[in-house]
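Below is one structure, written out as structure tokens; the observations come after it.
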Amino acid sequence: MPHSFAEFTAIVVEQLDVDDDAPRDPTTGLYEDWSLDSLQSFQLIVLVEAMAGALVPPAVLPEMFTVGDAYDYYLALVSEVART
Amino acid sequence: MTQRRILFGAFGSAGDLFPIVPLMRALLAEGHDVRCAATRSLGLYLRTCGIPAIALGDGSELRVVDDAGIFTTADGGWDSWRQTVDRYVLPTVEADVAALRSVTGAWRPDVAVTTSLALPVRLAMHLEEVPVVEVTIYPQHAIAERALAHTFDHPIVADVVARRPDLAPARAAWGVPSDVLLHDAVLLGDAAADAVGFPYWDEVPGIAADIEAMDRWAAGPARRLLVTLGSFIGVARRDAWYAAADAAAEHDLATAFVGARGSWAEAEFGSDERITCVGFVPLSRYASASEVVVHHGGLGTTFAALRAGRPALVVPQAFDQGDNAHLVEAAGLGLRARPDRITQQLADLLVDDDRRRRVAQAAAALVDPTHATATAAASILAAV
Chain G
1 MPHSFAEFTA IVVEQLDVDD DAPRDPTTGL YEDWSLDSLQ SFQLIVLVEA
51 MAGALVPPAV LPEMFTVGDA YDYYLALVSE VART
Chain W
85 MTQRRILFGA FGSAGDLFPI VPLMRALLAE GHDVRCAATR SLGLYLRTCG
135 IPAIALGDGS ELRVVDDAGI FTTADGGWDS WRQTVDRYVL PTVEADVAAL
185 RSVTGAWRPD VAVTTSLALP VRLAMHLEEV PVVEVTIYPQ HAIAERALAH
235 TFDHPIVADV VARRPDLAPA RAAWGVPSDV LLHDAVLLGD AAADAVGFPY
285 WDEVPGIAAD IEAMDRWAAG PARRLLVTLG SFIGVARRDA WYAAADAAAE
335 HDLATAFVGA RGSWAEAEFG SDERITCVGF VPLSRYASAS EVVVHHGGLG
385 TTFAALRAGR PALVVPQAFD QGDNAHLVEA AGLGLRARPD RITQQLADLL
435 VDDDRRRRVA QAAAALVDPT HATATAAASI LAAV
């Protein structure tokens, strides 16, 4: 059962050390609103793929600009893992 | 040409992965089916250069930047290697071995190529009775007695040794003795009998803004200094940046801090017009623009400075870096930093033309990376 958006966001906020009072909407900008730097953006990809249990990650790195993008990527990976 | 399925295994930092990337790319170019099992963070690099990745671990290796205990040169680097294995490899080794056996059940490798810390790949392939070629950048690990003294008491290693009586414990745990040593006689001297050369590679695309900043730095009129602590140490250990900043200021050098990433770097150095802070940029493109390279002693970075013909001031932090600092100093190619003398040591290196000539000669004597790659790739295919 995949994490809900709220659960997913809570995990990511904690792991990436984002401010607790930062916005958490699907349209929240990872860079504009959360001020992720380049290291944290890579950490986010690793975190999302690990959360989804993706053993063979996609060949191409994802582009994520909003929290919603990150969640969509997570759900896509969960579906792919379940399918395989 | 018979197409072979070749599984590589890597664990650690970019420095553990980059030397085998040319091997993987060469074998792919020959038409072989190549995949690499690596930690998720290393998998990011693999995916930028089109190498299929299989994920090891759970991403916890990224917490190493907050793991102060790892950064020690104690016991010739074995303290940090042992901590790395204990904290970041062993916790998921059983799951990783099971996952690899599952993945390779549908895609059985003809040969596996493992690097020193890629324990799950090594163990899984031994259990599957796939030939394993051990590739290392750590001649320190060849001292089997040291490896055995640090062999970990994990049931899965004991299980593999029990099932494979042909396999010595040091080979099962650390891949010792290795089959291919990626290193060079210019640094190792007489100890380099088995070294095939160092297949230097750093063709990861940097962020455009960082490349632009470095291009401006390299084209500037001032004397220049490049400082790097590798792919992750500089995020965790900041003292070396401050010491380098002080030394650079003393000599009025336009300084590039490569790998000083994060908001802390902007806060600490953003107002200093002499300092340019960037994330990853290829050292092969910029090291020659610096008069001296200050670095942490990672082997790839050591060869980057050497290939650029630049003397090095080495500030070792962990793993093999202390040994590499010693090799650099012993070969007359730079100095190992003494904590209270960095500014003076930098001054000495800036004016030492004899040393600069020595470094240029050493650079010319290095085994060409393409040749090193070809030799290593041939060894891999010979094992099939």
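Top line first, the protein sequences correspond to chains G and W. Each residue of the first sequence is one higher than the one before, counting from 1 in the working numbering. Each residue of the second sequence is one higher than the one before, counting from 85 in the working numbering. Glycine included, every Cβ here is placed at the ideal spot set by N, Cα and C.
Selection from the options that minimises the alpha carbon distance to residue i
{"i": "ARG24(G)", "options": "GLN40(G), ASP69(G), VAL78(G)", "result": "ASP69(G)"}
{"i": "ASP159(W)", "options": "ARG206(W), GLY115(W), ALA233(W)", "result": "ALA233(W)"}
{"i": "TRP258(W)", "options": "GLY153(W), GLY93(W), ASP437(W)", "result": "GLY93(W)"}
{"i": "ARG358(W)", "options": "THR339(W), VAL365(W), ALA349(W)", "result": "THR339(W)"}
{"i": "ALA414(W)", "options": "ALA256(W), ALA329(W), SER164(W), LEU271(W)", "result": "LEU271(W)"}
{"i": "VAL81(G)", "options": "ALA54(G), ALA59(G), GLN40(G)", "result": "ALA54(G)"}
{"i": "VAL12(G)", "options": "ARG83(G), TYR74(G), VAL60(G)", "result": "TYR74(G)"}
{"i": "ASP253(W)", "options": "ALA231(W), ASP268(W), VAL264(W)", "result": "In the sequence under discussion, the amino acid at residue 253(W) is Pro, which differs from the Asp named in the question. Selected option, being the one with the closest Cα: ALA231(W)."}
{"i": "VAL376(W)", "options": "PRO395(W), TRP165(W), THR168(W)", "result": "PRO395(W)"}
{"i": "ARG201(W)", "options": "ARG345(W), GLN401(W), GLY99(W), ILE317(W)", "result": "Contrary to the premise, residue 201(W) reads as Leu rather than Arg in this sequence. Selected option, being the one with the closest Cα: GLY99(W)."}
{"i": "ALA328(W)", "options": "THR157(W), SER315(W), ALA320(W), VAL311(W)", "result": "VAL311(W)"}
{"i": "VAL56(G)", "options": "ARG83(G), THR27(G), ALA22(G)", "result": "ARG83(G)"}
Cutoff 9 Å: residue i Cβ touching any chain W Cβ
{"i": "PRO58(G)", "result": "yes"}
{"i": "SER38(G)", "result": "yes"}
{"i": "PHE42(G)", "result": "yes"}
{"i": "LEU47(G)", "result": "yes"}
{"i": "ALA50(G)", "result": "yes"}
{"i": "SER35(G)", "result": "yes"}
Backbone secondary structure at residue i - three-state DSSP
{"i": "ARG24(G)", "result": "coil"}
{"i": "GLY99(W)", "result": "helix"}
{"i": "VAL412(W)", "result": "helix"}
{"i": "ALA122(W)", "result": "strand"}
{"i": "LEU140(W)", "result": "strand"}
{"i": "VAL260(W)", "result": "coil"}
{"i": "ALA202(W)", "result": "coil"}
{"i": "GLY469(W)", "result": "With chain W running from 85 to 468 in the structure shown, residue 469(W) is simply not present."}
{"i": "ALA152(W)", "result": "helix"}
{"i": "THR66(G)", "result": "strand"}
{"i": "VAL362(W)", "result": "strand"}
{"i": "GLY406(W)", "result": "helix"}
{"i": "GLY160(W)", "result": "helix"}
{"i": "THR9(G)", "result": "helix"}
{"i": "ARG49(W)", "result": "This structure leaves residue 49(W) out entirely; chain W is present only between 85 and 468."}
{"i": "HIS3(G)", "result": "coil"}
{"i": "ARG247(W)", "result": "helix"}
{"i": "ILE317(W)", "result": "helix"}
{"i": "GLY384(W)", "result": "helix"}
{"i": "GLU287(W)", "result": "coil"}
{"i": "ARG345(W)", "result": "coil"}
{"i": "ILE464(W)", "result": "helix"}
{"i": "TRP191(W)", "result": "coil"}
{"i": "ILE135(W)", "result": "coil"}
Bridge partner(s) assigned by DSSP for residue i
{"i": "ARG185(W)", "result": "Looking at the DSSP assignment, ARG185(W) forms no beta bridge with any residue, so it has no partner."}
{"i": "ASP117(W)", "result": "ARG89(W)"}
{"i": "HIS379(W)", "result": "THR312(W), VAL398(W)"}
{"i": "VAL216(W)", "result": "ALA196(W)"}
{"i": "ARG420(W)", "result": "VAL398(W)"}
{"i": "LEU265(W)", "result": "THR220(W), ALA279(W)"}
{"i": "ALA338(W)", "result": "ARG308(W)"}
{"i": "ALA478(W)", "result": "In this structure chain W extends from 85 to 468, so residue 478(W) is not present and cannot be described."}
{"i": "GLY29(G)", "result": "THR66(G)"}
Any C-beta of chain G under 9 Å from that of residue i
{"i": "ASP407(W)", "result": "no"}
{"i": "SER347(W)", "result": "yes"}
{"i": "ILE464(W)", "result": "no"}
{"i": "ALA202(W)", "result": "no"}
{"i": "LEU397(W)", "result": "no"}
{"i": "VAL319(W)", "result": "yes"}
{"i": "ILE221(W)", "result": "no"}
{"i": "LEU251(W)", "result": "no"}
{"i": "ASP472(W)", "result": "Lying outside 85 to 468, the shown extent of chain W, residue 472(W) is not represented and no answer is given."}
{"i": "GLY363(W)", "result": "yes"}
{"i": "ALA183(W)", "result": "yes"}
{"i": "GLY134(W)", "result": "yes"}
{"i": "VAL443(W)", "result": "no"}
{"i": "VAL173(W)", "result": "no"}
{"i": "VAL187(W)", "result": "yes"}
Residue i at chain B interface by Cβ criterion, 9 Å
{"i": "HIS238(W)", "result": "The question asks about chain B, but that chain is absent: this structure's protein chains are G and W."}
> For the region 115-132 of chain W, which residues have a beta carbon sitting closer than 8 Å to at least one beta carbon of chain G?
Replying inline: So the list reads ARG124, SER125, GLY127, LEU128, ARG131, THR132, given in the order they occur along the chain.
>> Closer than 7 Å between beta carbons: that is the criterion. Which residues of the region 54-82 of chain G meet it against chain W?
In response: Residues ALA54, LEU55, VAL56, PRO57, ALA59, VAL60, LEU61.
> Looking at chain G, which residues of the region 256-285 of chain W have a Cβ within less than 7 Å of any of its Cβ atoms?
Replying inline: Within the region 256-285 of chain W, no residue has a Cβ that lies closer than 7 Å to any Cβ of chain G.
> Between the region 137-153 of chain W and chain G, which residues of the former have CB atoms less than 7 Å from a CB of the latter, in chain order?
Replying inline: Taking a C-beta cut-off of 7 Å against chain G, the contacting residues of the region 137-153 of chain W are ALA137, ILE138, ALA139, ASP142, GLY143, LEU146, listed in chain order.
> Going along the chain, which residues of the region 281-313 of chain W sit with their C-beta nearer than 7 Å to a C-beta in chain G?
Replying inline: Against chain G - using a Cβ distance shorter than 7 Å - the residues of the region 281-313 of chain W are ILE291.
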